[in-house]
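Taking the working numbering, the leading residue of the sequence shown gets 175, the next gets one more, and so forth.
A virtual CB, placed ideally from N, CA and C, is assigned to each residue, including glycine.
Below you'll find the structure, written out as structure tokens, and then a few comments.
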Amino acid sequence: MTRNEEVVSHTDEGIGQKDAPHDGCSHGEGGPGHQHAHHSGAVAAAEPGTLKEPGKYVKPVAEAPAGSAPAGTIYTCPMHPEIRQDHPGNCPKCGMALEPVMPGLDEEENPELTDFRRRFWWTLPLTVVAFILAMFGHRLGWMEASTQSWVELALATPVVLWAGLPFFERCARSFVNRSPNMWTLIGLGTGAAYLYSVIATVAPGVFPDAFSEHGRVGVYFEAAAVIISLTLMGQLLELKARSQTSAAIRSLLGLAPKTARRIRPDRTEEDVPLTHVHVGDMLRVRPGEKVPVDGVVTEGSSSLDESMITGEPIPVTKRVGDHVIGATMNTTGSLVITSEKVGSQTVLSQIVQMVAQAQRSRAPMQRMADKVSGVFVLVVIGIALLTFLAWGFFGPEPSWVYGLINAVSVLIIACPCALGLATPMSIMVASGKGASNGVLFRDAAAIENLRKVNTLIVDKTGTLTEGRPAFERAIGNNGFSEEEVLRLAASLDQGSEHPLAAAIVTAARERNLALEKTENFESGTGVGVRGVVGGRKLALGNTVLMQTEGVSTDALTRDADALRAQGASVMHLAVDGVLAGILAVSDPVKSTTPEALARLRDEGIHVVMATGDGVATARAVAAKLGIDEFHGEVKPADKLALVSKLQAEGKVVAMAGDGINDAPALAKADVGIAMGTGTDVAMNSAQVTLVKGDLRGIARARQLSEATIRNMKQNLGFAFVYNALGVPLAAGVLYASTGMLLSPMMAALAMSLSSASVVSNALRLRKARI
């Protein structure tokens, strides 16, 4: 196959390279005949302002450079990400405090956390005194019973009406919005206990004698106060734990340097704020400094530590022409780079946006919890009412007092906060964990579905292989050495922009071969190139060109066929009408691919290779990697059809690719996996992006998926079991057989600790090994 023919026939295998400029010369046969247009590892940006429900206004979020506070901050609810507004507040559905969609690097402490802490500590002494007085006052005879009720009223009122004011406001909003939630139960429970106690203190005569105990109508100011204090304590624990779920985004924001060293046109240098760097600026990166923005190396060479972005611990060598990622650390050498992407277009900024979007998305498993929570509060209110009536009519004296207290216990312990937090907290932590390991999830569904995948379709070029043609070897003939064959071919190819020509020229320069000037250069469409080098007439191309030149290729036919069988493109070099040798260029397999495929096979995943390259090339690569099923010469529609076919057979299919041609299949697959070194189109079509373009990331992502779903099930299971056991216990079903009752104070403690435990369990994911 000719070089030109390869470019056309394999354009679908490339990445936006169809219109790449080249000289039209054609002298390659078989194997890779194109080159991916890399985009500095660009990651698809999560478009702000797109998570919304029909009819809900969402103010667009202005993009901001990594490390700066986002302009026009949007606030959302951890449990209901469809709720979005441009100012702080509380969720109209569940009453929780809204959080910024994109946390800032220098973000101040959550104002709600500050407010709750103040209310808690200022009123805690009052709660403690009220509790001691209620528990021991009548036994020690400190004061008359009626006087004690007034003292407890004075102590509890600031706790309930001031410290608990945010809870009652949320309870009221739940009725206004017709969205019963945990605050509905807390407001009703504490409100009922406090209001009953106030009436019993101010007008004890309205109650029958059955309500009296210890010389007064029983009051429960201490219960209302303790419930408020314990709820505040639970909120403090939860808010503090929730703030840690954004630690991954803050750590990413903190990676960006604050300044860059810019080189002026007169070659003098100045340090400027990162926000003043523009595309095209020349920047110096000294040893030990961070690369300020995404760019391309124009001077020098060094090794960069990219682990903070890609998760790959081994430093990567960068030379002139190589792309660098902003926020990566330069080690020993000095570099001069030309900035290509700044601000919100950098890899780091787009990673931050993608992580933020994933953290705020809803997992399919959450739908079950949402449906349960939607009716749970109403059911609990009904159970509390039945508890009150059952104890009042059939319980021991004072029966109505027992009924009130048990009804309050039911309302308090059944708060569905733990149920609502079960999956969002796991998703937030898992998204951050994945980002720190070079795996970006677009949404929660991707995290949940990836573990189910049993079939993986992989593109070849840029996914299994490097995606860049590289010189493999030269074979001399008629007295020409391999080095001389390479030197002459590179001299002839210097003026060509074709990927195969570039691979030959690069190899010659790396070997420090002295290249000569080419004269009378001409390109023969579909066959190869001709020219005069050092006074000798050269022709470089395929067998058709050799036949045109009257040059026999029989002497090296066996060698050429062997190289083609290995997936290489073969070019013949003729010097003054004599076959001087052949050159082979191939697309090398990534060093990490064999290990990645072995891990995937160990996990029971069937790997299928689908490539636009010729069948012979596909067979050679598949054999080298031990892939049993492969498809060559497939077009984008063929890849899409292959995904549909496997899905129709009941397979859960993931598609991994990096090209424009892969986009339809990536979108159709159950889970689309894009290489971070590929095109924006591919990454916009995928649900998972591997920043490094390393297939080992798929195995890591699946392990994280497994750990996350296991964590979510633990959280949901705990929340369901907690309510299933807590509600009957609070209602007093064990009283007849054991004499056991659950006080409202213990119910409040259990409720607060349940929410904190769910968040704490989710945070364990940060230590998961993947």
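Contact check, residue i vs residue j, beta carbons under 8 Å
{"i": "E326", "j": "E396", "result": "yes"}
{"i": "L939", "j": "K626", "result": "no"}
{"i": "L410", "j": "L287", "result": "yes"}
{"i": "L300", "j": "P332", "result": "yes"}
{"i": "K464", "j": "P431", "result": "yes"}
{"i": "L630", "j": "L660", "result": "no"}
{"i": "A839", "j": "M829", "result": "yes"}
{"i": "T882", "j": "S610", "result": "no"}
{"i": "A905", "j": "V584", "result": "yes"}
{"i": "G641", "j": "D761", "result": "yes"}
{"i": "G702", "j": "L689", "result": "no"}
{"i": "G778", "j": "N628", "result": "yes"}
{"i": "L869", "j": "T785", "result": "no"}
{"i": "E473", "j": "V494", "result": "yes"}
{"i": "D617", "j": "G831", "result": "no"}
{"i": "V862", "j": "A843", "result": "no"}
{"i": "V453", "j": "S513", "result": "yes"}
{"i": "L712", "j": "L666", "result": "yes"}
{"i": "A374", "j": "A330", "result": "no"}
{"i": "V725", "j": "V752", "result": "yes"}
Separation of residue j from residue i, as counted between CA atoms
{"i": "Y576", "j": "G363", "result": "14 Å"}
{"i": "N694", "j": "L714", "result": "14 Å"}
{"i": "L662", "j": "L730", "result": "18 Å"}
{"i": "T639", "j": "A860", "result": "19 Å"}
{"i": "V932", "j": "K819", "result": "41 Å"}
{"i": "A434", "j": "V467", "result": "9 Å"}
{"i": "F645", "j": "I437", "result": "35 Å"}
{"i": "I621", "j": "A841", "result": "16 Å"}
{"i": "G653", "j": "T520", "result": "52 Å"}
{"i": "V553", "j": "V845", "result": "38 Å"}
{"i": "V511", "j": "V549", "result": "Sequence inspection shows Ile at residue 511; the Val mentioned does not correspond to that position. Roughly 59 Å between the two C-alpha positions."}
{"i": "T506", "j": "L522", "result": "22 Å"}
{"i": "G223", "j": "G517", "result": "Its pLDDT being 32, under 50, G223 is placed unreliably by the model, and the measurement read from it follows with that caveat. Distance between the alpha carbons of G223 and G517: 19 Å."}
{"i": "G205", "j": "E443", "result": "At G205, the pLDDT of 38 sits below 50, so the modelled position is not reliable and the matter cannot be decided from this model."}
{"i": "T597", "j": "V471", "result": "44 Å"}
{"i": "S765", "j": "P643", "result": "15 Å"}
{"i": "S934", "j": "I557", "result": "30 Å"}
{"i": "E970", "j": "S475", "result": "Any question about residue 970 goes unanswered here, given that the chain covers just 175 to 944."}
{"i": "K691", "j": "I678", "result": "15 Å"}
{"i": "T680", "j": "T449", "result": "36 Å"}
{"i": "S867", "j": "T635", "result": "It should be noted that the sequence gives Gly, not Ser, for residue 867. Going from the Cα of G867 to the Cα of T635 covers about 11 Å."}
{"i": "G824", "j": "G806", "result": "23 Å"}
{"i": "A754", "j": "E723", "result": "13 Å"}
{"i": "A501", "j": "E273", "result": "26 Å"}
{"i": "A219", "j": "I499", "result": "At A219 the pLDDT is 34, less than 50, meaning the model places this residue with poor confidence; the figure from the coordinates comes in the next sentence. Roughly 16 Å between the two C-alpha positions."}
{"i": "T321", "j": "G361", "result": "27 Å"}
Residues that DSSP places opposite residue i in a beta bridge
{"i": "N445", "result": "It should be pointed out that residue 445 corresponds to Asp in this sequence rather than to Asn. For D445, which the question treats as bridged, DSSP gives the partners R435."}
{"i": "F645", "result": "V759"}
{"i": "E723", "result": "The partner list for E723 (beta bridge, DSSP) is empty, contrary to what the question assumes."}
{"i": "S476", "result": "K492"}
{"i": "Y249", "result": "Q259 and P274"}
{"i": "D468", "result": "K515"}
{"i": "V781", "result": "L630"}
{"i": "V706", "result": "E693 and K711"}
{"i": "G650", "result": "G755"}
{"i": "L457", "result": "R436 and I511"}
{"i": "V749", "result": "L712 and V752"}
{"i": "A828", "result": "L630 and V845"}
Anticipated Cβ contact below 8 Å, residue i with residue j, distance rounded
{"i": "V613", "j": "L903", "result": "That pair is no contact at about 43 Å."}
{"i": "A758", "j": "A794", "result": "With 8 Å as the limit, A758 and A794 do not qualify as a contact, their Cβ atoms being about 12 Å apart."}
{"i": "A936", "j": "N885", "result": "6 Å"}
{"i": "T405", "j": "F341", "result": "7 Å"}
{"i": "E658", "j": "I649", "result": "Rounded, the Cβ-Cβ distance is 12 Å, inconsistent with contact."}
{"i": "K143", "j": "V744", "result": "Only positions 175 to 944 of the chain appear in this structure, which leaves residue 143 out of reach."}
Contact test: residue i Cβ vs the ligand GTP heavy atom, cutoff 7 Å
{"i": "G556", "result": "Absence of the ligand GTP from the depicted structure is noted, as is the absence of any ligand whatsoever, leaving it without description."}
Point to revise | beta strand (DSSP E) segments (min. 3 residues) lying fully within the segment 831–907 | key: 845–849 and 862–864
Review point. Of all the alpha helix (DSSP H) runs that stay within the bounds of the segment 659–685, which reach a length of 4 or more residues?
Key: 673–684
Point to revise | Residue ranges of each beta strand (DSSP E) within the segment 787–811, 3 or longer | key: 803–805
Review point. Counting only runs that start and end within the segment 544–625, where is the beta strand (DSSP E) found for 3 or more residues in a row?
Key: 613–615
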